[in-house]
Amino acid sequence: MEQIISPYGGQLVNLIASPERSAELKQAALDFATLDINWQQQCDLELLLNGGYSPLTGYMGQADYVSVLQNLRLADGRAWPLPLCLQVSAAQADKIKVGDSLALRDGEGFMLAVVTVSELWQADDALEASLLGGELGESWYIGGAVEGVSLPMRHDFLALRQTPAEQRAHFLRRGWRQVIAWQARQPLHRAQHAFILRAAVDNEANLLIHPMAGGDPVESAEYFSLVRSYRAAIGRFPSATSTLALSPVYARGGGVRTTLLGAIIERNYGCTHLIVGGEHATQGQLRRGSDVVTHEDYQHVAEHIHEIGVGLIPFPRMVYVEDRAQFMAQEEVPKDARVLLLTAEEVARRLQEGVAIPDWYTFPEVLAEIQRSHPPRSQQGFTVFFTGLSGAGKSTIARALTTRLMEMGGRSVTLLDGDIVRRNLSSELGFTREHRDINVRRIGYVASEITKNRGIAICAPIAPYTGSRRAVRNMIEPLGGFFEIFVATPIATCESRDRKGLYAKARAGIIKEFTGISDPYETPERAELSIDTTNLSVDEAVQRILLKLEHEGYLR
Numbered sequence: 001m002e003q004i005i006s007p008y009g010g011q012l013v014n015l016i017a018s019p020e021r022s023a024e025l026k027q028a029a030l031d032f033a034t035l036d037i038n039w040q041q042q043c044d045l046e047l048l049l050n051g052g053y054s055p056l057t058g059y060m061g062q063a064d065y066v067s068v069l070q071n072l073r074l075a076d077g078r079a080w081p082l083p084l085c086l087q088v089s090a091a092q093a094d095k096i097k098v099g100d101s102l103a104l105r106d107g108e109g110f111m112l113a114v115v116t117v118s119e120l121w122q123a124d125d126a127l128e129a130s131l132l133g134g135e136l137g138e139s140w141y142i143g144g145a146v147e148g149v150s151l152p153m154r155h156d157f158l159a160l161r162q163t164p165a166e167q168r169a170h171f172l173r174r175g176w177r178q179v180i181a182w183q184a185r186q187p188l189h190r191a192q193h194a195f196i197l198r199a200a201v202d203n204e205a206n207l208l209i210h211p212m213a214g215g216d217p218v219e220s221a222e223y224f225s226l227v228r229s230y231r232a233a234i235g236r237f238p239s240a241t242s243t244l245a246l247s248p249v250y251a252r253g254g255g256v257r258t259t260l261l262g263a264i265i266e267r268n269y270g271c272t273h274l275i276v277g278g279e280h281a282t283q284g285q286l287r288r289g290s291d292v293v294t295h296e297d298y299q300h301v302a303e304h305i306h307e308i309g310v311g312l313i314p315f316p317r318m319v320y321v322e323d324r325a326q327f328m329a330q331e332e333v334p335k336d337a338r339v340l341l342l343t344a345e346e347v348a349r350r351l352q353e354g355v356a357i358p359d360w361y362t363f364p365e366v367l368a369e370i371q372r373s374h375p376p377r378s379q380q381g382f383t384v385f386f387t388g389l390s391g392a393g394k395s396t397i398a399r400a401l402t403t404r405l406m407e408m409g410g411r412s413v414t415l416l417d418g419d420i421v422r423r424n425l426s427s428e429l430g431f432t433r434e435h436r437d438i439n440v441r442r443i444g445y446v447a448s449e450i451t452k453n454r455g456i457a458i459c460a461p462i463a464p465y466t467g468s469r470r471a472v473r474n475m476i477e478p479l480g481g482f483f484e485i486f487v488a489t490p491i492a493t494c495e496s497r498d499r500k501g502l503y504a505k506a507r508a509g510i511i512k513e514f515t516g517i518s519d520p521y522e523t524p525e526r527a528e529l530s531i532d533t534t535n536l537s538v539d540e541a542v543q544r545i546l547l548k549l550e551h552e553g554y555l556r
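For the sequence shown, counting from 1, position 345 maps to 345 in this note's numbering; every step adds exactly one.
Encoded structure:
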């Protein structure tokens, strides 16, 4: 009888200790140093503990690390594409020595595992950057055996979370031997559905839709909508030959190393084939799996692919052939046939602007879920961030704008005026450059939470420094709209309005580090709107802002 594919390396690793041993580890860990690990590290640890990274039984040592980077092989010669070491900061490394046992805990202090440090070394950042990309930075790595106490705690979609052992048992019960995996991380539309079904038929295989569900779900409302869209889409596949489960894998950059690691993981989950492409964000010109597997990088790893033993199925460039009312691979389209195509950018534009997406592109139930996390701009949150000198008119305009937006209704509006925030959120801060930066970033964080939850934040700090304003923009733009309003009133006008005599005290040296006098104001680089209130009334300034918001689609 044909058996399910064996795990990579021959045996499925299980690093979760017995209940008795777990109790011993928890007691002993009271005397161990603790390392709090982030969400990506928790995902890697989960795949170590549950066997997804079989045959690894712990974090790699330096010999494996270097060999994997240079040769895509472990030191013993087995194919392995990416280093798996426990990263720590230089400050943490100073307190760790070989032979130590460290308790690995999540952000809430829940103990997940113990690592026994067999090696500790400084990462070769230059080598990593040249081979893996990314920025240089001083970091250290720990190698050592791992004993697990618990898998990371998950609270979302528990019925869809299967360990490799559980997934394999599921396949055995259903008699599945040939299984195609698709490691989805973008919505499953009609093009993906058409190709995946065709791949299953061509390979006489079953289907595992295996979305990447690593990372912290609380940080991404879009994640929940995405998983709900997969649950909606799975009903479009034959129930007897298809299943859906979530994977603790997190999204990495594209490329051959990521694909090889995905193949190893899916083999450990019991899959014989992996669809390459169809789910990745654009990496240069490599838009589809058919582009990826013909790239020169793949020509150097044919032997590695053979050793891993998972068939790679490239996702082609799919287009909708209107004449036949079906999706086809671009190279198979009949000559002179009329084809339709929507780019990801165009889909995003239509979602933002509330423009209809055609039925041929996606399923209605999938679209409904996507629209829940991608409402049109008129329903999204946004931040209006005023910046300018003291006395420029920021607070007055911000308060008037808040009033007008509240009058219009539809979304909650919160005013984060500089003085109010100073009094209630940053009362312990002074006016040094460092403290000004902290204050602005705090305002930005609060505004980002308001924006993420589809409210309106009106911020009116002085915010004199380019770096802190840029940090706030980067914090908020992924979550909704961001409008930087430079109140460009000249300093002479600001001084003439100074009822409190602050400018006079600053010029006399009584007030230190006063913006515009003894401390610089850095003019905004890319403000959405610049307003000089010297000869502009408050209502006129507010109207200019409202027109800008309306033009960008954030007001009905």
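For glycine and all other residues, C-beta sits at the position ideal for the given N, C-alpha and C.
Keeping to the same chain, check which residues put their C-beta closer than 6 Å to that of residue i; ignore five residues upstream and five downstream.
i: S150; result: L112
i: A488; result: S530, D532
i: L351; result: H374
i: E557; result: As displayed, the chain neither begins before 1 nor continues past 556, which places residue 557 out of reach and without an answer.
i: S395; result: D417, A460
i: R556; result: S378
i: C600; result: This structure gives no information on residue 600, because the portion of the chain shown stretches from 1 to 556.
i: D498; result: G391
Our contact map puts residue i next to residue j with C-beta atoms below 8 Å; I'd like the distance itself, whole angstroms only.
i: T515; j: L429; result: Rounded, the Cβ-Cβ distance is 15 Å, inconsistent with contact.
i: A557; j: I275; result: With the chain covering 1 to 556 only, the question about residue 557 has no answer from this structure.
i: L405; j: I443; result: So it is not a contact: roughly 18 Å between Cβ atoms.
i: I264; j: Y8; result: 5 Å
i: Y65; j: Y141; result: 7 Å
i: P461; j: N439; result: 7 Å
i: S118; j: G61; result: 6 Å
I need the boundaries of the beta strand (DSSP E) containing residue i, first residue and last residue.
i: M328; result: 326-329
i: R105; result: 101-105
i: F110; result: Where F110 is concerned, there is no enclosing beta strand (DSSP E), given that its DSSP letter is neither H nor E.
i: E147; result: 140-148
Considering only the alpha carbon of each residue, which of the options lies closest to residue i?
i: G51; options: A28, N439, I16, E20; result: I16
i: W176; options: L207, T343, R161; result: L207
i: F110; options: S496, L74, T34; result: T34
i: S6; options: F237, P164, L547, E222; result: P164
i: R399; options: V538, V201, R473, D31; result: V538
i: L47; options: V146, G393, V301, H306; result: V146
i: G58; options: P81, A29, L45; result: L45
i: S229; options: T383, F385, R190; result: R190
i: I517; options: L502, L172, E528; result: L502
i: V413; options: A457, R338, L341, A356; result: A457
i: L131; options: N71, Q162, L401; result: N71
i: Q40; options: T243, A504, D106; result: D106
i: A29; options: A75, D76, Q42, A103; result: A103
i: H170; options: H304, C271, S448; result: C271
i: N453; options: D437, G381, H435; result: G381
Name the two residues that bound the continuous alpha helix (DSSP H) containing residue i.
i: F157; result: Segment: none, F157 is in no alpha helix (DSSP H) and carries neither H nor E.
i: M60; result: It is not in any alpha helix (DSSP H) - M60 carries neither H nor E in the DSSP assignment.
i: Y503; result: 502-507
i: T475; result: Here residue 475 is Met; the residue named in the question, Thr, does not match the sequence. Looking at the DSSP string, the run of the alpha helix (DSSP H) that includes M475 is 466-476.
i: E434; result: 433-452
i: C43; result: 39-49
i: T402; result: 394-408
Looking only at its chain, what residues have a beta carbon closer than 7 Å to the beta carbon of residue i, apart from the 5 residues adjacent to it on each side?
i: P524; result: T387, R469, E484, F486
i: E522; result: P464, Y465, T466
i: L25; result: A17, V114, E147, V149
i: F157; result: V227, L246
i: A471; result: R441, G444
i: L12; result: G51, S54, P164, A165, N268
i: G133; result: G253
i: L425; result: R442
Using a Cβ-Cβ cut-off of 8 Å (strictly less than) and excluding sequence neighbours within five positions of residue i, which residues of its own chain qualify?
i: I313; result: I180, A199, N203, H273, L274, I275, V276, G289
i: M1; result: Here M1 scores only 46 on pLDDT, less than 50, and its place in the model should not be relied on; the value that follows carries that caveat. Result list for M1: empty, nothing under 8 Å.
i: E353; result: P376, R377, G553
i: G284; result: Any answer about G284 is weak, because its pLDDT of 37 lies below 50 and its placement is not dependable; what the coordinates show is given next. Around G284: no qualifying Cβ.
i: V98; result: V117, S118, E119, L120
i: H551; result: none
i: K548; result: F483, E528, L529
i: N14; result: L49, N50, G51, A165
i: V366; result: P187, L188, H189, S229, A232, A233
i: V333; result: V319, V321, V339
At a Cβ threshold of 8 Å, is residue i touching chain B?
i: V256; result: The chain labelled as chain B is not found in the depicted structure, where only one protein chain is given.
- Message: Would you call the region 493-513 in contact with the region 356-363, where contact means no fewer than 3 C-beta pairs closer than 8 Å?
- Response: no
- Task: Give a yes or no on contact between the region 241-261 and the region 212-226, applying the rule of three or more CB pairs nearer than 8 Å.
- Result: yes
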